[in-house]
Amino acid sequence: GSGGFRKRKHDNFPHGQRREEKENVNPSSALMTSFKSFQLELDTRHDKYERLVKLSRDITIESKRTIFLLHRFTSAPNGEEILNESEVKLDAVRRKIKQVAQELIGEDMYQFHRAISPGLQEYVEAVSFQYFIKTRSLISVEEINKQLIFTAEDREETTNTTSNSRDKQPHTWSLKVTPVDYLLGVADLTGELMRLCISSVGNGDIDTPFELSQFLRQIYDGFTFIGNTGPYEVSKKLYTLKQSLAKVENACYTLKVRGSEIPKHMLADVFSTKTELIDQEEGL
Amino acid sequence: VPKKCQKAREHFSTVRTQLESLKTKFPADQYYRFHEHWRFVLQRLVFLAAFVVYLESETLVTREAVAEILGIEADRERGFHLDIEDYLSGVLTLASELARLAVNSVTAGDYSRPLRISTFINELDSGFRLLNLKNDSLRKRYDGLKYDVKKIEEVVYDLSIRGLNKEATVGAGGEK
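Top to bottom, those sequences are chains W and V.
Under UniProt numbering, the first residue of the first sequence carries the number 1, and numbering increases by one thereafter.
Under UniProt numbering, the first residue of the second sequence carries the number 1, and numbering increases by one thereafter.
Quick look at the structure:
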């Protein structure tokens, strides 16, 4: 035969025969043809998944940046500016979510859920943070989803979509954040609120910590109500939530007990040491 | 063999009834939300259907044919369907079973079947090589295919050096 250049266990194994058999496979047999179509189908599915993963990452990054921006908010004069800028950022995120919605038209959302879930959770965190700063209350999942209904804005979009409808109906896409993603996003929100509490004291704001304490307690109660009946990820977040709540309550305690003794401008120092310790704990 | 295949087909009607009832247990457009619950079973069913069809006709059962045997749809749009990856997983299980069949055929004195299985498996392998798989469970199972191919080649080799396939080769010519 043609001789084997590869070392194999059986030296006298018929390499030549094997190659010959492979060449005998008819590339346009029914089996091969169907496998070619499988290749196409799988590639298309994987490509879509990847596009969604990329969108999810973009959503995560921009949402995180919004959160950092919102941490810079104080009642100081530029507060309004910061809120407006945050709205601009969140609109950009929503545009990405619109693309996600467009990718998912005609698809079963759950097939791609794992690709987009992290991004959506981060978005929930950002938008609920902004909502809290504005209203001191928790945004509902219905409110969130109301903002995630999109229509085709300009003529260009309508003609680009693969629509076979000749009627003048505007295209609408929507994405529904699932209750689980909402819960996970809110759980992450509590971490940011805890940071807000600590930093607001540093700014001399001694009312916010107490408001936050109340608010976080309500969220905690809500999560306790769900207990172990939710998915595993929710239970995991509950643990961190407890810690955040404890930090906020301790801050309130310190303010209450020692706050009246310490002049306001020094309060920041009291809490900055604490903050360092907390940061170390969190391994930042 | 044909009688056994017939019997097997009858069992599938029980399967059909149960799948019918499964379909009603959840909203039709959330197939993938609960997919994991029946994934394993469906893959086994694909394997069994593929095996019966192979024994009947020595061809690879198509997705549409499996769907028909199981009483479900072939496309997602039409309802409870067979996912392509589950179909492919079931087919790979068939490959392993055919490797076993090749060995046992020789033991039973049938020297031509292994040759036909070999041609079939090689074609299957060529088909799978066309696919770009991700590093998931399907890919792992596909990695096992080469061991099946090798096993069957060894059987064929053992037959050929002993001249046992000579009279079998004459009849084993045309494969689909």
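Note that the Cβ used here is the ideal one computed from N, Cα and C, for glycine as well.
Residue i versus the options, residue with shortest Cα-Cα distance
i: Gln-99(W); options: Arg-51(W), Leu-90(W), Glu-143(W) and Lys-64(W); result: Arg-51(W)
i: Ser-63(W); options: Thr-254(W), Pro-118(W) and Asp-205(W); result: Pro-118(W)
i: Phe-120(V); options: Arg-9(V), Tyr-54(V) and Arg-39(V); result: Tyr-54(V)
i: Ala-92(W); options: Ile-226(W), Gly-202(W) and Tyr-123(W); result: Tyr-123(W)
i: Gln-111(W); options: Lys-4(V), Ala-8(V), Phe-12(V) and Glu-36(V); result: Glu-36(V)
i: Thr-74(W); options: Asp-205(W), Gly-230(W) and Pro-231(W); result: Asp-205(W)
i: Glu-249(W); options: Tyr-182(W), Lys-96(W), Val-25(W) and Glu-211(W); result: Glu-211(W)
i: Ala-251(W); options: Pro-209(W), Glu-80(W) and Val-234(W); result: Pro-209(W)
i: Glu-103(W); options: Tyr-220(W), Thr-172(W) and Leu-70(W); result: Thr-172(W)
Closer than 7 Å to chain V by CB, residue i
i: Asp-47(W); result: no
i: residue 289(W); result: In the structure as shown, chain W starts at 1 and stops at 284, and residue 289(W) therefore has no counterpart that could be examined.
i: Met-194(W); result: no
i: Lys-54(W); result: no
i: Thr-162(W); result: Here the model assigns Thr-162(W) a pLDDT of 47, short of 50, so the residue's position is not dependable, and the following value carries that caveat. So no, Thr-162(W) is outside the interface.
i: Tyr-110(W); result: yes
i: Leu-31(W); result: yes
i: Val-25(W); result: yes
Between the CA atoms of residue j and residue i - distance to the nearest angstrom
i: Lys-48(W); j: Gly-106(W); result: 13 Å
i: Thr-161(W); j: Ser-213(W); result: Since pLDDT at Thr-161(W) reaches only 48, below the 50 mark, its modelled position is unreliable, and the value read off the structure follows with that caveat. C-alpha separation (whole angstroms): 48 Å.
i: Tyr-32(V); j: Lys-134(V); result: 18 Å
i: Asn-132(V); j: Ile-84(V); result: 13 Å
i: Gln-6(V); j: Ala-65(V); result: 16 Å
i: Gln-39(W); j: Glu-10(V); result: 33 Å
i: Phe-73(V); j: Arg-45(W); result: Looking at the sequence provided, one finds Glu at residue 73(V) rather than Phe. Each residue's Cα considered, the two are about 19 Å apart.
i: Arg-100(V); j: Thr-107(V); result: 11 Å
i: Ser-34(W); j: Leu-42(W); result: 12 Å
i: Asn-165(V); j: Leu-88(V); result: 31 Å
i: Leu-255(W); j: Ile-59(W); result: 37 Å
i: Phe-132(W); j: Thr-190(W); result: 11 Å
i: Tyr-232(W); j: Glu-192(W); result: 22 Å
i: Ala-50(V); j: Lys-36(W); result: 19 Å
i: Asn-26(W); j: Tyr-111(V); result: 24 Å
i: Ile-149(W); j: Thr-24(V); result: 30 Å
i: Ser-86(W); j: Leu-183(W); result: 22 Å
Other residues of its chain near residue i: CB distance less than 6 Å, five sequence neighbours each side excluded
i: Leu-98(V); result: Ile-117
i: Thr-14(V); result: none
Within chain B, partners of residue i - CB distance below 8 Å
i: Glu-41(W); result: Note that chain B does not occur in the displayed structure, where the protein chains are W and V.
Per DSSP, the bridge partner or partners of residue i
i: Trp-38(V); result: DSSP lists no partner for Trp-38(V).
i: Thr-151(W); result: Thr-172(W)
i: His-81(V); result: Glu-73(V)
Own chain, CB closer than 7 Å to residue i, minus 5 neighbours either side, in chain order
i: Leu-284(W); result: Its pLDDT being 44, under 50, Leu-284(W) is placed unreliably in this model, and the coordinates cannot settle the point.
Cβ of residue i within 7 Å of any chain W Cβ
i: Leu-60(V); result: yes
i: Gly-127(V); result: yes
i: Asn-132(V); result: yes
i: Tyr-111(V); result: no
Any non-hydrogen atom of the ligand SAM within 6 Å of residue i CB
i: Asn-203(W); result: For the ligand SAM, the structure offers nothing, since it holds no ligand at all.
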